[in-house]
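Asker:
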DNA sequence: CCGTTCTTTCTGTAAGAAGTGAAACATCGG
DNA sequence: CCGATGTTTCACTTCTTACAGAAAGAACGG
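Residue numbers (this note's numbering), protein chains in the order written: chain A, 2 to 175; chain B, 2 to 175.
Structure representation (structure tokens):
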């Protein structure tokens, strides 16, 4: 697959973004490539296009499949696995966000709850209080987030549009 | 400073969380420590408590100050700088989120816009369209996010509480 | 000023993550 | 069942980042 300069620029940037958010550069690049391609691509073609080892692509694809971002598909007359990603950006985001919540936020909630119980038992009042505040924050944001990802993009846009008014309606200041 | 097991557990977990989100482990630990301490702490005490090099603490504090999360303060009769972090979790979150948006999302919007213009010029219709969708997504989410951080925690809770009803009110499905 | 205390910068080392290529493994057609 | 094709796993290398410790740099007290 031959990339135009535009496509290359996008893929490289996407890779950088990935690293900043704790996602492997190659993984992010593979995903970007599949998004741009918009069709099932065989692994070796990905490797060639991105100039990375075939094995590296294999690992990255497995990772992406683990996130539910990529699925394997097949093309008639071709034994090779092909891979494609969803073309709906909002759906992509939901997947990743939900999965990260599950993998990272939920365990954090657990740790906080445990720590609070422990602090309670050993009479560490100040620490207990701080952890409780943190827990409350996480719980609120988590719930808000869950409402958020339930929305359709259209709904989201309306909420943004009327956001200020809604806040007034609810009688809460900024 | 002597940490209880509860505090240690929290600080270690916070460090891990940091690494998963592209934040240096020590930086995150220092921040957690200051949050738990809830009072100005001198750098050498931080180093001792976390068992890291004094220089490492210095770098981490500088980083945290860059995020606006930590500020230096002074204690009468002590020449050493002391450092403290805000105790309001919501405020902390706002700071970090806003700053990350500035450092990472905004440049991404720029790259996308450039790439779209370029794709337009060179007639890459499909690519242009995909990038445009991505840009639209980012813009919508960014706006939503801006409404979000404007809210007080109280407002947020109400929105969560009435979230479903609001969506119905707006006539948008899930 | 000069010694003391505290802070930051810098350089080398160590730890960790990412990536390659070879080898093992699987699948399929004939 | 065997050769061909495609995929994954694994051991090793490379690259990056984090960290420690030394040295340099400030700030202050006397």
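Quick reminder that beta carbons are idealized off the backbone N, C-alpha and C, glycines included.
Computed from a prediction, not measured in an experiment: that's the story for all the values here.
On the three-pair Cβ rule with 8 Å, is the segment 156-164 of chain B touching the segment 70-81 of chain A?
Answerer: Taking 8 Å as the limit for Cβ pairs, the verdict is that the segment 70-81 of chain A does not touch the segment 156-164 of chain B.
Asker: Using a Cβ cut-off of 7 Å (strictly closer), state whether residue 60 (chain B) contacts chain A.
Answerer: The sequence position of residue 60 (chain B) within the second chain is 59, counting from 1. It does not; no Cβ of chain A falls within 7 Å.
Asker: If you reduce the DSSP assignment to three classes, tell me which class residue 44 (chain B) lands in.
Answerer: For this step, residue 44 (chain B) is matched to residue 43 along the second chain. Residue 44 (chain B): helix per DSSP, three-state reduction.
Asker: Give the DSSP-derived three-state secondary structure of residue 73 (chain B) in the structure shown.
Answerer: The count along the second chain starts at 1 and reaches residue 73 (chain B) at position 72. Note: residue 73 (chain B) maps to strand in three-state DSSP.
Asker: For residue 83 (chain A), which residues does DSSP report across the bridge?
Answerer: Against the first chain, residue 83 (chain A) aligns to sequence position 82. In DSSP, residue 83 (chain A) forms a bridge with A:43 and A:74.
Asker: Going by Cα to Cα distance, which pick from B:156, B:27, B:140 and B:50 is closest to residue 154 (chain A)?
Answerer: As a working mapping, residue 154 (chain A) is identified with position 153 in the first chain. Considering only alpha carbons, the answer is B:140.
Asker: For chain A, is any of its Cβ atoms less than 7 Å away from the one on residue 14 (chain B)?
Answerer: On the second chain, residue 14 (chain B) is found 13 positions in, with the first residue counted as 1. Chain A, which has a Cβ nearer than 7 Å to the Cβ of residue 14 (chain B), makes this yes.
Asker: Starting from residue 92 (chain B), follow the alpha helix (DSSP H) in both directions and report where the run begins and ends.
Answerer: Against the second chain, residue 92 (chain B) aligns to sequence position 91. Segment 90-101, the alpha helix (DSSP H) holding residue 92 (chain B).
Asker: Pull up the distance between the alpha-carbon of residue 45 (chain A) and that of residue 58 (chain A), whole angstroms please.
Answerer: Position 44 of the first chain holds residue 45 (chain A). Position 57 of the first chain holds residue 58 (chain A). C-alpha separation (whole angstroms): 8 Å.
Asker: Any beta carbon of chain B sitting closer than 7 Å to that of residue 192 (chain A)?
Answerer: Absent from the model: residue 192 (chain A). The displayed extent of chain A is 2 to 175, so no value can be given.
Asker: Let me confirm a value: residue 77 (chain B) is counted as buried when at least 16 other C-beta atoms fall within 10 Å, else exposed. Which label applies?
Answerer: Taking the second chain and counting its residues from 1, one reaches residue 77 (chain B) at position 76. Residue 77 (chain B) should be labelled exposed.
Asker: Would you tell me roughly how many angstroms separate the C-alpha atoms of residue 33 (chain A) and residue 8 (chain A), rounded to the nearest one?
Answerer: Taking the first chain and counting its residues from 1, one reaches residue 33 (chain A) at position 32. Taking the first chain and counting its residues from 1, one reaches residue 8 (chain A) at position 7. In a straight line, the C-alpha of residue 33 (chain A) is about 9 Å away from that of residue 8 (chain A).
Asker: Need the endpoints of the alpha helix (DSSP H) that residue 116 (chain B) sits in, please.
Answerer: Counting from one through the second chain, the residue named residue 116 (chain B) turns up at place 115. First-last of the alpha helix (DSSP H) with residue 116 (chain B): 107-122.
Asker: So which residues of chain B does residue 116 (chain A) contact, with C-beta pairs closer than 7 Å?
Answerer: Taking the first chain and counting its residues from 1, one reaches residue 116 (chain A) at position 115. Near residue 116 (chain A) (Cβ distances below 7 Å), the residues of chain B are 7, 10 and 11.
Asker: State the Cα-Cα distance for the pair residue 96 (chain B) and residue 55 (chain A), rounded to the nearest angstrom.
Answerer: On the second chain, position 95 is the one that residue 96 (chain B) refers to. On the first chain, position 54 is the one that residue 55 (chain A) refers to. In a straight line, the C-alpha of residue 96 (chain B) is about 41 Å away from that of residue 55 (chain A).
Asker: I want to see whether chain B comes within less than 7 Å of residue 146 (chain A), judged by CB atoms only; does it?
Answerer: Looking up residue 146 (chain A) in the first chain gives position 145. No, residue 146 (chain A) lies away from the interface with chain B (no Cβ there is under 7 Å from its Cβ).
Asker: Can you have a look at residue 170 (chain B) and say buried or exposed, based on whether 16 or more other CB atoms are within 10 angstroms of its CB?
Answerer: Taking the second chain and counting its residues from 1, one reaches residue 170 (chain B) at position 169. Exposed, because fewer than 16 other Cβ atoms sit within 10 Å of the Cβ of residue 170 (chain B).
Asker: Please state the DSSP three-state secondary structure of residue 175 (chain B).
Answerer: Locating residue 175 (chain B) in the second chain gives position 174, where the first residue counts as 1. Legend: pLDDT at residue 175 (chain B) = 43, less than 50; position of this residue unreliable, value from coordinates given subsequently. Of the three classes helix, strand and coil, the one that applies to residue 175 (chain B) here is coil, per DSSP.
Asker: What distance in whole Å lies between the Cβ atoms of residue 38 (chain B) and residue 2 (chain B), which are believed to be in contact at a cut-off of 8 Å?
Answerer: Numbered from its first residue, the second chain carries residue 2 (chain B) at position 1. Numbered from its first residue, the second chain carries residue 38 (chain B) at position 37. With a Cβ gap of about 7 Å, residue 2 (chain B) and residue 38 (chain B) count as contacting.
Asker: Assign residue 128 (chain B) to one of two classes, buried (16 or more other C-beta atoms within 10 Å of its C-beta) or exposed (fewer than that).
Answerer: The residue labelled residue 128 (chain B) in the question sits at position 127 within the second chain. Buried.
Asker: Taking DSSP as the reference, what is the three-state secondary structure of residue 12 (chain B)?
Answerer: The residue given as residue 12 (chain B) occupies position 11 in the second chain. Residue 12 (chain B): helix per DSSP, three-state reduction.
Asker: Distance check for residue 25 (chain B) and residue 16 (chain A), CA to CA, integer angstroms please.
Answerer: Numbered from its first residue, the first chain carries residue 16 (chain A) at position 15. Numbered from its first residue, the second chain carries residue 25 (chain B) at position 24. So the two alpha carbons sit approximately 19 Å from each other.
Asker: Using a C-beta to C-beta distance shorter than 7 Å, which residues of chain B count as neighbours of residue 71 (chain A)?
Answerer: Counting from one through the first chain, the residue named residue 71 (chain A) turns up at place 70. Ordered by position in chain B, no residue passes the 7 Å Cβ test against residue 71 (chain A), which lies about 16 Å from the chain.
Asker: Assign residue 131 (chain B) to buried or exposed, taking buried as 16 or more other Cβ atoms, counted over all protein chains shown, within 10 Å of its Cβ.
Answerer: Looking up residue 131 (chain B) in the second chain gives position 130. Per the 10 Å Cβ criterion, buried.
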